[in-house]
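This report concerns only the one structure given below.
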Amino acid sequence: MTTPPDRLLRRLEWQVVRRLDGRLQGAYRTVFRGTGIDFADLRGYTPEDDVRHIDWNVTARLDEPYVRQYTEDREVTAWLVLDRSASMRFGSGAGGGTAGAGSEGGKAAVVTELAVCLARLFTQGGNRVGAILYDNHVHRVIPARTGRTHVLHLTHELTRAGPRRDDRRPTDLAAMLHLAASTARRRGLVFVVSDFIGDLDWEPALTRLALRHEVVAIRIVDPAELDLPDLGLVLVEDAETGEQLLADTSDPLFRRRLRAEVDAREFAVTGAIRRSGAAAHRLGTDQDLVASLVEMAQHSKRRRP
Numbered sequence: 001m002t003t004p005p006d007r008l009l010r011r012l013e014w015q016v017v018r019r020l021d022g023r024l025q026g027a028y029r030t031v032f033r034g035t036g037i038d039f040a041d042l043r044g045y046t047p048e049d050d051v052r053h054i055d056w057n058v059t060a061r062l063d064e065p066y067v068r069q070y071t072e073d074r075e076v077t078a079w080l081v082l083d084r085s086a087s088m089r090f091g092s093g094a095g096g097g098t099a100g101a102g103s104e105g106g107k108a109a110v111v112t113e114l115a116v117c118l119a120r121l122f123t124q125g126g127n128r129v130g131a132i133l134y135d136n137h138v139h140r141v142i143p144a145r146t147g148r149t150h151v152l153h154l155t156h157e158l159t160r161a162g163p164r165r166d167d168r169r170p171t172d173l174a175a176m177l178h179l180a181a182s183t184a185r186r187r188g189l190v191f192v193v194s195d196f197i198g199d200l201d202w203e204p205a206l207t208r209l210a211l212r213h214e215v216v217a218i219r220i221v222d223p224a225e226l227d228l229p230d231l232g233l234v235l236v237e238d239a240e241t242g243e244q245l246l247a248d249t250s251d252p253l254f255r256r257r258l259r260a261e262v263d264a265r266e267f268a269v270t271g272a273i274r275r276s277g278a279a280a281h282r283l284g285t286d287q288d289l290v291a292s293l294v295e296m297a298q299h300s301k302r303r304r305p
C-alpha cells in the first residue's frame with residue numbers, strides 16, 4: 001500500500017521531474033557546478049572571482065592579481081533551507097499552476113513540491129541533498145544523502161504535520177541562516193526558501209553564507225499578499241505576531257497605501273538578497289513549477305563568469 005508521501009513523489013516525478021529531464025540535465029555542468037581540489041591553471045582575477053582563490057605568490061611576482069583554477073567535481077552537495085514558520089502556512093487556496101500544489105494549497109504546499117523536485121533532480125545525478133526544516137520552535141536537520149529512498153524520506157518529513165504552537169514572535173530568519181552555515185560545512189549549493197517576511201536583520205547572515213556557498217534565495221509569495229482583493233471590511237491578522245487590523249479593502253486610499261507598502265517591501269527584500277551575493281528568485285503560488293525551475297537554471301548559467 002502506497003503512502004501519501006510516496007504518491008506525492010510519484011506524481012511530481014511524472015508531472016515535473018520527467019518534463020525537466022531534457023531541459024536541465026543535458027546542461028548539468030553549466031548550471032550548478034561542484035568544487036574541486038586539483039589545480040588546473042592560473043588566470044587573471046575578475047571582480048566575480050572568489051578572493052580565496054587568489055594565488056598571492058604569483059600576484060606578488062607579476063604585480064597584478066591572479067587566481068587558481070581547479071578541476072571541478074561533477075558531484076554537488078545541495079542543502080535545502082526551508083522556512084516552515086507561521087506565515088508560510090498562508091495561502092489564497094488557488095493551489096497554483098505548479099502541477100497541483102497539494103491538498104492544502106498556498107505557500108506551504110509550493111515549498112513542499114519545490115523541495116521534493118529539487119531533491120529528486122539533484123539525486124538523479126548522484127548528488128547528495130540535505131535539508132533544514134526551520135521554525136522558531138522546531139529545527140529538523142536531514143543529513144545530506146543521495147538516492148530515491150532519501151528523497152522519499154525527505155518527502156515524508158515535509159508532509160508530516162507538526163504541532164501548531166501559539167508563537168507570537170516574528171520568524172528569526174537570521175538564526176535559520178546561521179544554522180545553515182553551521183550545518184553545511186563543505187562548500188556547496190544552498191537553496192534558501194522563504195517568504196522573507198519580517199525584519200531585514202538577516203542580510204549579514206545571508207552575506208556570510210554566500211561567501212562560502214553558492215546560494216539561491218527563492219521567495220515564495222501568494223498573489224493575495226501583493227494585491228489584496230476588494231472584499232469590503234475584513235479583519236486581517238498577521239500570521240507571525242497575531243496582530244489584527246480591521247481594513248476596508250474597498251477604500252481606494254487604503255489600496256494605494258497598501259500598494260506603496262508592498263512595492264517598498266519588494267524593493268527592500270530583493271535589494272538585500274542581491275547585495276548579499278545570492279541569486280534572487282521569486283516563485284508565486286500561482287506560477288508553473290516547471291517554467292520557474294527552468295528560469296532559475298537559465299539565470300544561474302547567465303551569472304557564471
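The numbering of the sequence shown is my numbering, which starts it at 1 and goes up by one. Just so you know, even glycine gets a beta-carbon here, dropped at the ideal spot from N, CA and C.
Asked	Found
Per-residue burial, residue 5 [other beta carbons within 10 Å of its own, 16 or more giving buried]	buried
Residues of its chain near residue 55, where Cβ-Cβ distance is below 7 Å and the 5 sequence neighbours each way are ignored	42, 66, 67, 68
Residue 69 - DSSP class collapsed to helix/strand/coil	strand
Spatial distance of residue 30 from residue 12 (CA atoms)	With a pLDDT of 37 at residue 30, under the threshold of 50, the predicted position of this residue should be treated as unreliable, and no value is reported.
Beta-carbon separation (whole angstroms), residue 144 vs residue 59, contact threshold 8 Å	With a Cβ gap of about 35 Å, residue 144 and residue 59 do not count as contacting.
Buried or exposed (CB count within 10 angstroms, at least 16 for buried), residue 297	buried
Same chain, Cβ closer than 6 Å to residue 231, neighbours up to 5 away in sequence not counted	249
DSSP three-state assignment for residue 44, whether helix, strand or coil	strand
Rounded straight-line distance, which links the Cα of residue 49 to that of residue 33	Because the pLDDT at residue 33 is just 46, under 50, the model does not fix this residue reliably, and the point stays unresolved.
Three-state class that DSSP yields for residue 188 in the structure shown	coil
Residue 248, enclosing beta strand (DSSP E) - first and last residue	244 to 248
Alpha-carbon to alpha-carbon, residue 63 and residue 19	51 Å
Reference residue 289, options 110, 86, 255, 139, closest by Cα	110
Separation of residue 251 from residue 14, as counted between CA atoms	45 Å
Proximity to residue 199 [Cα-Cα], best of 61, 46, 172	172
Strand pairing of residue 299, partner residues [DSSP]	Answer is none; residue 299 lacks a bridge partner.
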